[in-house]
Amino acid sequence: MKQKIIIVCGPTATGKSDYAVELAKKIDGEVISADSRQIYKGLDIGSGKITKKEMRGVPHHLLGVASPKRTFSVAQYKKLADKTIKDILSRGKTPILCGGTGFYIDAVIYDQSFPEVKADAKLRKLLSKLSLEELVKKLKNLDPKRLKTIDTKNKVRLIRAIEIASTLGFVPKKSKRKPLYSAQWIYLDFPDEVLKQRIHARLFARIRGITTEVTRLHKEGVSWKKLEALGLEYRYGALFLQKKLTKQEMLEGLEKAIWQYAKRQRTWFKKYAK
RNA sequence: GCGUCGGUGGUAGAGUGGUCAAUUACAUCAGACUGUAAAUCUGACGCCUUCGGGCUACGGGGGUUCAAAUCCCUCCCGGCGCA
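Here numbering that gives the first Met the number 0 is used: the first residue of the first sequence is 0, the next is one more, and so on.
1. How would you write the range of the beta strand (DSSP E) that Ala182 sits in, first residue to last?
2. With DSSP collapsed to three states, give me the class of Lys76.
3. List the endpoints of the continuous alpha helix (DSSP H) containing Gly101.
4. Using the Cα positions of Leu126 and Leu250, report the straight-line distance between them to the nearest angstrom.
5. Pop quiz: Glu212 and Gly45 are said to be a contact at Cβ under 8 angstroms. What is the actual Cβ separation, rounded to whole angstroms?
6. Quick check: the region 16–23 against the region 102–113, are there 3 or more CB pairs under 8 angstroms?
7. Would the region 235–250 count as touching the region 196–215 if we require 3 or more Cβ pairs under 8 angstroms?
8. Whole angstroms is fine: what's the gap from Ile49's alpha carbon to Asp43's?
9. Roughly how many angstroms lie between the CA atoms of Arg159 and Lys128, to the nearest whole one?
10. Decide yes or no for the touch test of the region 221–230 against the region 62–69: beta carbon pairs closer than 8 angstroms, at least 3 of them.
11. Nearest to Leu240 by alpha carbon, out of Tyr103, Tyr180, Leu122, Leu216?
12. Sort Val30, Pro114, Leu157 by Cα distance to Thr166 and report the nearest one.
13. Given Lys51, which residues of its chain have a CB within under 6 angstroms of its CB, disregarding the five upstream and five downstream residues?
14. Could you name the residues that DSSP lists as bridge partners for Lys3?
15. Out of His60, Thr100, Phe102, state which residue places its alpha-carbon closest to the alpha-carbon of Lys82.
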């Protein structure tokens, strides 16, 4: 008998957090965040992290548990989430997995196993100098099976596959998509125009807080490069503070980027619609 | 007013007689996704098509040429210089 878990997903700015709190109150649940940016400590305003007050007494997990100075990965998330879910269930409560990072949700629900191969900075640096063709050739020698499923135009993926293959000698087979829990999916969304308006309104309400937050993070030692890689609010905030963008350019570019992100999220979640 | 440089697809911006429906970037639309996933990557992107091709397009009009976004004339618009 599989245990029950509820998933609240959907694109950004659809009110997932509020919905999850409401639901948790009704069914005596606890919320587990599935958000690749809210996982970091100090990324609050820009990531739209729920505040203590908004939690209204409902326990929340996996918010602000990683350092933004270090790289955090799905594999780590998966481990933490598993542990948390087990804990919640053991106390007789219902876990509510809530967030917009499809990959994270996927990793938890479908019990994906990730190979124990850590990032090798030296190897990555070396490989990043190679062309796509050379990388493909390398992977072909190391693990021809993986080559069949990989996106041969995606350098980042190729490098990771080679990294795994050259350490383990092969790339572990993709685990089957077998659901671990009996999941109840709740997908939140709005028509395009409405969602665009919500994104716009939220951005303007938060823009001040965003720049002060990014300033603070940089002072605390998070590099511009890292901030730019964090994307959206952090990328545009960092570009603006470095004077690489005007305020106007930041606002326009960021709003556009958030919309593009929302659509990518939709694309991901469409998979589950069937 | 004279001179001069320029007006190209949603935008920026290449091209300067044929191989141009027009490099490229951005935007837009669709999609992928097993260790950075708010990241990274892919495809489509004038209109029509029986997928062979057809049609309309590089400010407007006229012309030269077998052939023009590319050359000439003229008109309109913008920048700059001289008045």
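Here a beta-carbon is modelled for each residue, glycine too, at the ideal position from N, C-alpha and C.
On the basis of the data shown:
1. As a working mapping, residue 182 is identified with position 183 in the first sequence. Its beta strand (DSSP E) spans residues 181–186.
2. For the purposes of this step, residue 76 is identified with residue 77 of the first sequence, where counting begins at 1. For the record, residue 76 in the displayed sequence is Tyr; it is not Lys. In this structure, Tyr76 counts as helix in the three-state DSSP scheme.
3. Position 102 of the first sequence, counted from the first residue, corresponds to residue 101. Start and end: 101–108.
4. Counted from its first residue, the first sequence places residue 126 at position 127. Counted from its first residue, the first sequence places residue 250 at position 251. Going by the C-alpha atoms only, they are around 36 angstroms apart.
5. Stepping through the first sequence from its first residue, residue 212 is reached at position 213. Stepping through the first sequence from its first residue, residue 45 is reached at position 46. Their Cβ separation, rounded to whole angstroms, is 6 angstroms, which keeps Glu212 and Gly45 in contact under 8 angstroms.
6. Too few Cβ pairs lie closer than 8 angstroms, so no.
7. Output reads yes: the region 196–215 touches the region 235–250.
8. In the first sequence, residue 49 corresponds to position 50, counting from 1. In the first sequence, residue 43 corresponds to position 44, counting from 1. If you take the alpha carbons of Ile49 and Asp43, they lie about 8 angstroms apart.
9. Residue numbering aside, residue 159 sits at position 160 when the first sequence is read from its first letter. Residue numbering aside, residue 128 sits at position 129 when the first sequence is read from its first letter. Distance between the alpha carbons of Arg159 and Lys128 is about 14 angstroms.
10. Touching, yes, given that three or more Cβ pairs across the two stretches are closer than 8 angstroms.
11. Position 241 of the first sequence, counted from the start, is the residue given in the question as residue 240. Distance check between Leu240 and each of Tyr103, Tyr180, Leu122, Leu216 places Leu216 closest, using alpha-carbon atoms only.
12. Along the first sequence, read from residue 1 onward, the residue named residue 166 stands at position 167. Taking Thr166 as reference, the option from Val30, Pro114, Leu157 with the minimal CA-CA separation is Pro114.
13. Walking along the first sequence from the start, residue 51 turns up at place 52. Nothing meets the Cβ criterion.
14. For the purposes of this step, residue 3 is identified with residue 4 of the first sequence, where counting begins at 1. Ser181, per the DSSP bridge assignment.
15. Taking the first sequence and counting its residues from 1, one reaches residue 82 at position 83. Closest option to Lys82, Cα to Cα, is His60.
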